[in-house]
Structure formats: C-alpha cells, structure tokens
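> Sharing a structure below in structure tokens format, with a few things to ask.
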Amino acid sequence: MIKSMPSYVCAMSDGNIDILEEIFIKKYSEFLDCYWILKDFSDYIDNLTYDKKKEDCLSIKFSLSLVNPDDVIHTLKNQKPKCGKLKITKSKNKITLNIYKIE
768 MIKSMPSYVC
778 AMSDGNIDIL
788 EEIFIKKYSE
798 FLDCYWILKD
808 FSDYIDNLTY
818 DKKKEDCLSI
828 KFSLSLVNPD
838 DVIHTLKNQK
848 PKCGKLKITK
858 SKNKITLNIY
868 KIE
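Residues are numbered in our numbering as their position in the sequence shown, beginning at 1, plus a constant of 767.
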C-alpha cells in the first residue's frame, strides 16, 4: 500500500462515494488518526477495508504480509490517537482497528 492519505481513503472506500462521504463528513478526525497510526506499516498492508456497520467509530480491517501480526499489534497498542480511543483485535490473519471518538 502506498504511504499517502489518498491511497488509504481510496482503499477504504473501494470506489463507493457514499463511504467516501461518510469518512470525510462524519469520521475525518478518526481517519487522520488511523492514517498516522498505520503509516509506518504501509509497505506490509495487503488489504484495507472499511466497516461501515459501526456508527460510533471508524472501523477498518487489514491483513499484513512479511511481518508478524502480533508484533504489529504490540506496536499499535502503544499508539495514542489524538481524537479518540483505540481498540485492536485480531482474527486469524486479519487485524481490526477501531477508533472511537471521544466527545
């Protein structure tokens, strides 16, 4: 994955203008946090998808190659988002990153 905000939002929206609009209008601060948290791992991200089922947070799923996902999770858990609370889960080879907005 390319280390750029447009690349991330393109991957997350998958060409769906409604998702793109939702990210920019409702969850832009969370998107910025997501980008800065994951940027250093961009070379290892294979697939990045947005879970629009979650209303109260920005939720993305991604898979990694060439690195141990547990090492990445350990590093990610030390990150502090600027606008919200971070929750990370793993299921097989997929990592889910949730950033909840703090009002």
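Cβ coordinates follow ideal geometry from the N, Cα and C atoms, glycine included.
Taking the C-alpha atoms as reference points, what is the distance between residue 819 and residue 778?
13 Å
> To the nearest angstrom, report how far apart residue 832 and residue 797 are at their CA atoms.
25 Å
> Does any CB atom of chain B fall closer than 7 Å to the CB of residue 789?
Note that chain B does not occur in the displayed structure, where there is just one protein chain.
> I'd like to know whether the C-beta atoms of residue 772 and residue 809 end up nearer to each other than 7 Å.
no
> Please state the DSSP three-state secondary structure of residue 806.
Note: residue 806 maps to helix in three-state DSSP.
> Closest to residue 853 by C-alpha separation, out of 860, 859 and 843, would be which residue?
843
> Can you tell me whether DSSP reads residue 849 as helix, strand or coil?
coil
> Grab the span of the alpha helix (DSSP H) containing residue 785 for me, first residue to last.
First-last of the alpha helix (DSSP H) with residue 785: 784–793.
> Give the secondary structure of residue 840 by DSSP, where H, G and I count as helix, E and B as strand, and everything else as coil.
helix
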